[in-house]
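One structure below.
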Amino acid sequence: MTRAVVVGGGLSGLVAARELVVHHGIASGDVTVLEARERAGGVLLRGEVAGRTVDLGAESVLTTRPEATDLLAELGLAEEAVHPTGVPAAVWSRGGIHPVPRGTLMGVPGDAAQAAGLLTEQEVDRADDSGREHPPLVEDVSLGDLVAERMGDAVVDRLVEPLLGGVYAGHARRLSVRACLPALAEAAAEGRSLTEAVQAATARSGGGTQARPAPPFASLPGGLARLVEALTDDLVARGVRVRTGTPVEAVTRTDGGWEVRAAGQALPADAVLLAVPAPAAAALLRPELPAAADELAAVPTASMVVVTFAFPTAAMPPLDRSGFLVPPVDGRAIKASTFLSAKWPGVGDDEVTLVRASLGRAGDDLSDRTDDELGALALADVAQAVAEHTGADLPAPLEVRVQRWPDGLPQYEVGHLERMARVADAVAAVPGLELAGSVYDGVGIPACIGTARAAAARLVAGGRMGA
Ligand SMILES: Cc1cc2nc3c(=O)[nH]c(=O)nc-3n(C[C@H](O)[C@H](O)[C@H](O)COP(=O)(O)OP(=O)(O)OC[C@H]3O[C@@H](n4cnc5c(N)ncnc54)[C@H](O)[C@@H]3O)c2cc1C
5 MTRAVVVGGG
15 LSGLVAAREL
25 VVHHGIASGD
35 VTVLEARERA
45 GGVLLRGEVA
55 GRTVDLGAES
65 VLTTRPEATD
75 LLAELGLAEE
85 AVHPTGVPAA
95 VWSRGGIHPV
105 PRGTLMGVPG
115 DAAQAAGLLT
125 EQEVDRADDS
135 GREHPPLVED
145 VSLGDLVAER
155 MGDAVVDRLV
165 EPLLGGVYAG
175 HARRLSVRAC
185 LPALAEAAAE
195 GRSLTEAVQA
205 ATARSGGGTQ
215 ARPAPPFASL
225 PGGLARLVEA
235 LTDDLVARGV
245 RVRTGTPVEA
255 VTRTDGGWEV
265 RAAGQALPAD
275 AVLLAVPAPA
285 AAALLRPELP
295 AAADELAAVP
305 TASMVVVTFA
315 FPTAAMPPLD
325 RSGFLVPPVD
335 GRAIKASTFL
345 SAKWPGVGDD
355 EVTLVRASLG
365 RAGDDLSDRT
375 DDELGALALA
385 DVAQAVAEHT
395 GADLPAPLEV
405 RVQRWPDGLP
415 QYEVGHLERM
425 ARVADAVAAV
435 PGLELAGSVY
445 DGVGIPACIG
455 TARAAAARLV
465 AGGRMGA
């Protein structure tokens, strides 16, 4: 009898397993992680492009929350953390590369004048909603609808869409203000102006994330995916079984606990922690908790594609930006491009400059496009943006690598918090079952670590797993 089976060996599952062993005293031999793919790590993955190792999925962690920095420290990686060079990011729109305006929250401006150029003069005037009457907001609405009504469509189309899209790969007019920007939802509920709410929030955080010369992000030399590699090594060294290539087909309640079916075997367990994306969690929960499964299945996801280019450095135009975000209103194929060699120290060299582009927002279906087509679409957009900005052509890439992330990001649409509260209530009523991952309490890496730690703690507190 295994005491705990963690289903899913992405960051959330690996953290949950480690948490059980290191912080809750569960014997390492009593914890098993089952991962469907041939490797652990989920969305954190690195690979070689023109002989240089780079992240092909998530590439940086927010350091203003403690979870990721604490984990790096626990794994002995904190000293190695690297930070962006401070080269500013941009928005590519209306035929130009515009600096990301200072002092915004996810693109919502505290001072719309900072967005002049990206917004016309009339759009800037319309965007200041201070000094106007605002009836208090009583229910959840989309961030896009709220901002459009208060500040005008252009703020949503040119600012909020690209910045929010960079995090959620979604659509501002569908994503929940309560879930995505609680500070703004609170201000709107109190009848305050969004402009003043953003000013107050950015003043508290030292000017807002976009206002700092060096954003509060960190990565690791050789790729952030080293984090999950170190986690996996740590678990294996402690004696935790991490079985890859083992997709879980079913989890079933038994008299004494659970039975987990995978790879033709039935594994008995005291407790099960599902750390899989929402569609997989829905499928596994359906026999035991059909209503919770329906709720999870109803969460839309965005399938994304990350294209990494290696260019010959000698032929590159100078890139004085760390990359650019692209508003969907402009109809481009890509939603963002990161000039990795400009953004991160030590990425690329005299021979190779690395650039990546991402495609795919919620609702886009890129599955019938070949890798060559996706690479060509991305290259055409990046080349045009660089040409408009520098007047020079990009050289032909030395190598192009296409990485697909189907269902990569859950969408926190209007009503998401209430939906997840219903799922949590249903799961809380079932002994020895917990959930962790990007659909529950934030999509970013620190939030996922947080859900994993909390789920492990609840599992132990529930009594089935007593140390
Ligand atoms: C392209 C991309 C870039 C991102 N960039 C960033 C970033 O820079 N910074 C940031 O903070 N966040 C970023 N995110 C978000 C963040 O990386 C993810 O939300 C987070 O890593 C999710 O971790 P997870 O373990 O919950 O899920 P996943 O990484 O999806 O792991 C879930 C695991 O479960 C496995 N699984 C599924 N079904 C089964 C089954 N039946 N049996 C066994 N195993 C199963 C999967 O194979 C997978 O390995 C990015 C997301 C994407 C898609």
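Each residue of the sequence shown is one higher than the one before, starting from 5 at the first, in this note's numbering.
Idealized CB from N, CA, C, for every residue including glycine.
In chain order, what residues of the same chain have a beta carbon less than 8 Å from the beta carbon of V142, not counting five sequence neighbours either side? Residue mapping note: residue 142 aligns to position 138 of the sequence shown, counting from 1. For V142, where only same-chain residues beyond five positions count, the Cβ hits under 8 Å are A193.
I need the straight-line Cα distance from G350 to P70, nearest angstrom please. Position 346 of the sequence shown, counted from the start, is the residue given in the question as residue 350. Position 66 of the sequence shown, counted from the start, is the residue given in the question as residue 70. So the alpha carbons of these two residues sit roughly 25 Å apart.
Do V202 and E292 have their beta-carbon atoms positioned less than 8 Å apart in this structure? As a working mapping, residue 292 is identified with position 288 in the sequence shown. As a working mapping, residue 202 is identified with position 198 in the sequence shown. No, these two residues do not count as a Cβ contact at 8 Å.
Could you say which of G436, A287, V37 lies nearest to G243 if we only look at CA atoms? Within the sequence shown, the letter at position 239 stands for residue 243. It is V37 whose Cα lies nearest to the Cα of G243.
Looking only at its own chain, which residues have a Cβ that is under 6 Å from the Cβ of E39, when we skip the five neighbours before and after it? Counting from one through the sequence shown, the residue named residue 39 turns up at place 35. So the list reads G13, T248, once near-sequence residues are dropped.
For R373 versus V310, is the C-beta spacing smaller than 8 Å? On the sequence shown, residue 373 is found 369 positions in, with the first residue counted as 1. On the sequence shown, residue 310 is found 306 positions in, with the first residue counted as 1. Not a contact, by the Cβ cut-off of 8 Å.
Would a C-beta distance cut-off of 8 Å place A3 and S16 closer than the cut-off? Lying outside 5 to 471, the shown extent of the chain, residue 3 is not represented and no answer is given.
When burial is assigned at 16 or more other CB atoms within 10 Å of the CB, is A451 buried or exposed? Numbered from its first residue, the sequence shown carries residue 451 at position 447. The residue is buried, with at least 16 neighbouring Cβ atoms inside 10 Å.
Heavy atom of ligand 1 within 7 Å of L168 beta-carbon: In the sequence shown, residue 168 corresponds to position 164, counting from 1. Checking the Cβ of L168 against ligand 1 gives no.
Whole runs of the alpha helix (DSSP H) within the region 179 to 229, excluding any shorter than 4 residues: 181 to 184, 186 to 193, 198 to 208
Smallest Cα separation from L363: which of E392, V390, Q407, E355? Within the sequence shown, numbered from 1, the residue matching residue 363 stands at position 359. Nearest option by C-alpha distance: Q407.
Could you work out which residue in A314, V431, L398, R208 is closest to A54 when comparing CA atoms only? What you label residue 54 is simply residue 50 of the sequence shown in a count that begins at 1. Out of A314, V431, L398, R208, A314 has the C-alpha closest to the C-alpha of A54.
Using 10 angstroms around the beta-carbon of H27, count the other beta-carbons present and answer buried if the total reaches 16, otherwise exposed. Taking the first residue of the sequence shown as position 1, residue 27 is located at position 23. That one is exposed.
Measure the CB-CB distance between A8 and L463 and report whether it falls below 8 Å. Position 4 of the sequence shown, counted from the first residue, corresponds to residue 8. Position 459 of the sequence shown, counted from the first residue, corresponds to residue 463. Going by C-beta atoms, A8 is nearer than 8 Å to L463.
Along the chain, where does the beta strand (DSSP E) containing M308 start, and where does it finish? If you number the sequence shown from 1, residue 308 lands on position 304. From DSSP, the beta strand (DSSP E) with M308 extends over 305 to 316.
Does the Cβ-Cβ distance between A187 and L49 come in under 8 Å? Counting from 1 along the sequence shown, the entry for residue 187 is found at position 183. Counting from 1 along the sequence shown, the entry for residue 49 is found at position 45. It is not a contact, given that the beta carbons lie outside the stated cut-off.
Using a Cβ-based criterion (distance less than 7 Å to any ligand heavy atom), does G261 qualify as near ligand 1? Here residue 261 refers to the residue found at position 257 when the sequence shown is read from its first residue. No; taking the cut-off as 7 Å, the Cβ of G261 has no heavy atom of ligand 1 nearer than that.
Quick one: measure Cβ to Cβ for A189 and R178, integer angstroms, because I've assumed they're closer than 8 Å. Locating residue 189 in the sequence shown gives position 185, counting from the first residue. Locating residue 178 in the sequence shown gives position 174, counting from the first residue. So it is not a contact: roughly 15 Å between Cβ atoms.
Quick one: is E345 buried, meaning 16 or more other Cβ sit within 10 Å of its Cβ, or exposed? Translated into the one-based positions of the sequence shown, residue 345 becomes position 341. Note that residue 345 corresponds to Ser in the displayed sequence, not to Glu. It is buried - the Cβ of S345 has at least 16 other Cβ atoms within 10 Å.
So, S442 versus P88, is the Cβ gap smaller than 8 Å? The residue given as residue 442 occupies position 438 in the sequence shown. The residue given as residue 88 occupies position 84 in the sequence shown. For S442 and P88, no; Cβs fall outside 8 Å.
How would you call A20, buried or exposed, if buried means at least 16 neighbouring beta carbons within 10 angstroms? Residue numbering aside, residue 20 sits at position 16 when the sequence shown is read from its first letter. That one is buried.
Can the beta-carbon of R22 be found less than 8 Å from the beta-carbon of L235? For the purposes of this step, residue 22 is identified with residue 18 of the sequence shown, where counting begins at 1. For the purposes of this step, residue 235 is identified with residue 231 of the sequence shown, where counting begins at 1. Taking 8 Å as the Cβ cut-off, R22 and L235 qualify as a contacting pair.
Considering only residues of the same chain and omitting the five flanking positions on each side of Y444, which have a CB-CB separation below 7 Å? For the purposes of this step, residue 444 is taken as the residue at position 440 of the sequence shown. These residues qualify, in order along the chain: M424, T455.
Among A459, A384, L60, W96, whose alpha-carbon lies nearest the alpha-carbon of G436? Mapped onto the sequence shown, residue 436 falls at position 432. Minimum Cα distance to G436 is reached at A459.
Return the Cβ separation of L439 and L278 in integer angstroms, given the expectation that the two are a contact with Cβ distance under 8 Å. As a position in the sequence shown, residue 439 is number 435, starting the count at 1. As a position in the sequence shown, residue 278 is number 274, starting the count at 1. Yes, they are in contact, since the Cβ atoms of L439 and L278 sit about 5 Å apart, within 8 Å.
Is the closest heavy atom of ligand 1 to the C-beta of S442 under 7 Å? Position 438 of the sequence shown, counted from the start, is the residue given in the question as residue 442. For ligand 1, at least one heavy atom lies less than 7 Å from the Cβ of S442.
Find the nearest neighbour of S319 within the set E392, G466, A286, A396, judged by alpha-carbon distance. Numbered from 1 along the sequence shown, position 315 holds the residue referred to as residue 319. Note on identity: in this sequence residue 319 is Ala, with Ser being the wrong assignment. Out of E392, G466, A286, A396, A396 has the C-alpha closest to the C-alpha of A319.
Report buried or exposed for A302, applying the criterion of at least 16 other Cβ atoms within 10 angstroms of its Cβ. Taking the sequence shown and counting its residues from 1, the one referred to as residue 302 is at position 298. Exposed: under 16 other Cβ atoms inside 10 Å.
Can you determine whether any heavy atom of ligand 1 sits closer than 7 Å to the C-beta of E71, and answer yes or no? Here residue 71 corresponds to residue number 67 of the sequence shown, with the count starting at 1. Flag unset: Cβ of E71 not near ligand 1.
Cβ of P281 within 7 Å of any heavy atom in ligand 1? If you number the sequence shown from 1, residue 281 lands on position 277. Yes, ligand 1 has a heavy atom inside 7 Å of this Cβ.
Specify, as a first and last residue, the run of the beta strand (DSSP E) that I338 falls within. Locating residue 338 in the sequence shown gives position 334, counting from the first residue. 338 to 342 is the span of the beta strand (DSSP E), which, as asked, contains I338.
DSSP-derived helix/strand/coil call for S16: Here residue 16 corresponds to residue number 12 of the sequence shown, with the count starting at 1. If DSSP states are grouped into helix, strand and coil, S16 belongs with the helices.
For G335, is the classification buried or exposed, using 16 other Cβ atoms within 10 angstroms of its Cβ as the cut-off for buried? Along the sequence shown, read from residue 1 onward, the residue named residue 335 stands at position 331. That one is exposed.
Nearest CA to the CA of L231: which residue from V447, V86, G260, P166? The residue you call residue 231 lines up with position 227 of the sequence shown. L231 has its Cα closest to that of V86, out of V447, V86, G260, P166.
When the Cα atoms are used, what is the spatial distance from V154 to V160? In the sequence shown, the residue the question calls residue 154 occupies position 150. In the sequence shown, the residue the question calls residue 160 occupies position 156. A small correction: the amino acid at residue 154 is Arg; Val does not occupy that position in the sequence shown. Cα-Cα distance, rounded: 10 Å.
Please state the DSSP three-state secondary structure of V404. Stepping through the sequence shown from its first residue, residue 404 is reached at position 400. Here V404 sits in strand by DSSP.
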